[in-house]
Structure formats: C-alpha cells, structure tokens
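Below: the structure, in structure tokens.
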Amino acid sequence: DAKTTQPTSMDCAEGRAANLPCNHSTISGNEYVYWYRQIHSQGPQYIIHGLKNNETNEMASLIITEDRKSSTLILPHATLRDTAVYYCIVRVARSLDYGGATNKLIFGTGTLLAVQP
Amino acid sequence: DGGITQSPKYLFRKEGQNVTLSCEQNLNHDAMYWYRQDPGQGLRLIYYSQIVNDFQKGDIAEGYSVSREKKESFPLTVTSAQKNPTAFYLCASSIKGPNYEQYFGPGTRLTVT
Numbered sequence: 001d002a003k004t005t006q007p008t009s010m011d012c013a014e015g016r017a018a019n020l021p022c023n024h025s026t027i028s029g030n031e032y033v034y035w036y037r038q039i040h041s042q043g044p045q046y047i048i049h050g051l052k053n054n055e056t057n058e059m060a061s062l063i064i065t066e067d068r069k070s071s072t073l074i075l076p077h078a079t080l081r082d083t084a085v086y087y088c089i090v091r092v093a094r095s096l097d098y099g100g101a102t103n104k105l106i107f108g109t110g111t112l113l114a115v116q117p
Numbered sequence: 118d119g120g121i122t123q124s125p126k127y128l129f130r131k132e133g134q135n136v137t138l139s140c141e142q143n144l145n146h147d148a149m150y151w152y153r154q155d156p157g158q159g160l161r162l163i164y165y166s167q168i169v170n171d172f173q174k175g176d177i178a179e180g181y182s183v184s185r186e187k188k189e190s191f192p193l194t195v196t197s198a199q200k201n202p203t204a205f206y207l208c209a210s211s212i213k214g215p216n217y218e219q220y221f222g223p224g225t226r227l228t229v230t
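As they're listed, the protein sequences go chains A and B.
Under this note's numbering, the first sequence has 57 at position 57, and the numbering climbs by one with no breaks.
If you count the second sequence from 1, you need to add 117 to reach this note's numbering.
Below is the structure:
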C-alpha cells in the first residue's frame with residue numbers, strides 16, 4: 001500500500017470549512033483513498049473513500065487531484081465535535097486475494113484537527 | 118442497534134498473566150480484525166479473520182492468539198509472551214471483500230504492570 005503524508009496538526013474555527021490535505025505521490029492506479037477519523041480514546045470512524053472522482057457524503061467531501069498524487073478532505077462546517085485525528089489511507093481494492101491482505105488498513109500518524117470555538 | 122462491542126473498556130493485569138479481550142458484532146459481517154494502538158501512533162494489525170474457523174496473522178501477531186468459532190465473535194488473547202502488552206486494542210469488522218470500509222469498536226485499554 002502506498003505511503004501517505006499528512007500535516008501533524010491543524011486548527012479550524014468552528015463553523016468554517018476544514019480542509020485536510022494528504023499527499024500520496026506513489027499511489028498506484030488501483031489504489032483507493034480512504035479517510036477515517038479517531039476521536040480521543042474511541043475507535044476510528046470511516047468517513048469517505050474514492051478512486052479518482054470527487055466524492056461527497058453526509059459527513060464530508062473528498063477532492064482528489066487529477067494526477068491522484070494528493071487529496072483533500074473537506075468538512076464544510078466544522079463543529080467542536082469534529083476535533084479528532086484524521087487518517088488518510090490508500091489501499092488496493094481487488095478481488096484476487098480474499099485472504100485479507102488487501103483489506104488491511106495501514107494507519108499513519110494522521111492529522112490532529114483542533115476545532116476552536 | 119447494530120454495531121461492535123468490546124469489553125471491558127479498561128483492563129488491568131499483572132505481568133505474566135494471559136488475558137482475553139472480547140469483541141462481538143451484530144452487523145452480520147464475515148470479516149473481523151484486531152488492531153493495536155500505542156500512544157501517538159497509528160493502528161497496527163494483529164490478526165484478522167475472513168470467515169468462521171479461519172484466521173491469519175497480521176503484522177504483529179507474536180504473543181497474541183485468536184479464535185473464530187462464531188461469526189459474531191472474535192476474542193483476542195494477550196499471552197505472557199507478548200513483551201509490551203500495554204496498549205489500546207481495537208476490534209473491527211467488515212463485509213468480506215477488498216473494498217468495504219471497516220467498522221470499529223470502542224476499544225479496550227489494557228494496562229499490564
């Protein structure tokens with residue numbers, strides 16, 4: 001799985017959009033970009049994932065650059081409850097191996113997003 | 118309510134004792150996973166199971182054992198052979214297949230002294 005690079009921490013004002021960048025310059029053509037977040041002392045929560053098109057759901061939007069070497073997670077109106085560590089993960093999605101290796105999530109250290117009142 | 122439960126939330130043990138962490142899910146997921154998280158670090162995969170009565174080692178399986186006798190349950194035993202057992206342990210489950218998100222439990226914080 002490709003390695004990702006994220007800033008260690010970011011601040012965002014409550015009510016404003018939070019834009020979290022992720023660099024994945026070695027991503028392969030069949031690797032998806034996933035985002036999870038982890039609120040302190042809780043299990044990670046899935047947010048969104050995409051391959052090459054921009055994606056949006058009720059939680060966030062995911063913008064992937066045309067060359068797929070980087071992406072941005074956007075929380076449109078950040079609240080205090082969005083304060084968490086956000087993980088950007090790239091992983092292969094294929095059916096060749098049901099042994100579980102392709103389901104493995106490789107978490108880096110993520111970005112600590114602090115939403116300020 | 119569908120979800121994953123882990124119990125207990127906090128667990129304390131003396132060094133040299135084996136301890137079993139519980140993980141139960143009612144999401145009807147075939148695949149289940151155990152991760153370990155150390156302070157300031159990401160998650161590392163210990164064991165995973167794609168189907169009942171089958172499981173595979175992850176990246177850091179030494180000193181751990183698992184069983185998968187029922188689809189809903191995937192208990193993890195931290196044995197005395199695990200050199201640094203104090204950590205936050207997270208269980209997850211997913212639909213079997215390469216492109217499904219994993220759902221995580223609330224975690225168990227194990228402290229061994």
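Think of the CB as a built atom: it goes at the ideal place given N, C-alpha and C, for glycine as much as any other residue.
- Each of Ile-177(B), Asn-170(B), Tyr-127(B) was checked against the Cα of Val-229(B), and the nearest Cα belongs to Tyr-127(B).
- Excluding its 5 nearest sequence neighbours in each direction, Asn-170(B) has C-beta neighbours in its own chain below 8 Å: Arg-185, Glu-186, listed in chain order.
- Its chain contains Leu-75, Val-115 as the residues whose beta carbon lies nearer than 6 Å to that of Asp-82(A), once the 5 sequence neighbours on both sides are disregarded; these appear in chain order.
- Between Thr-72(A) and Gln-6(A) a beta carbon distance of about 11 Å is seen, past the 8 Å cut, so the two are scored as non-contacting.
- With its beta carbon less than 7 Å from one in chain A, Leu-207(B) belongs to the interface.
- Taking a contact to require three or more Cβ pairs closer than 8 Å, the region 206 to 220 of chain B and the region 176 to 183 of chain B do not qualify as touching.
- Think of a sphere of 9 Å around the beta carbon of Thr-8(A): no beta carbon from chain B falls inside it, the nearest being about 10 Å out.
- In this structure, Gly-222(B) lies near Ile-121(B), with their beta-carbon atoms less than 7 Å apart.
- When beta bridges are read from the DSSP output, His-146(B) appears opposite no residue.
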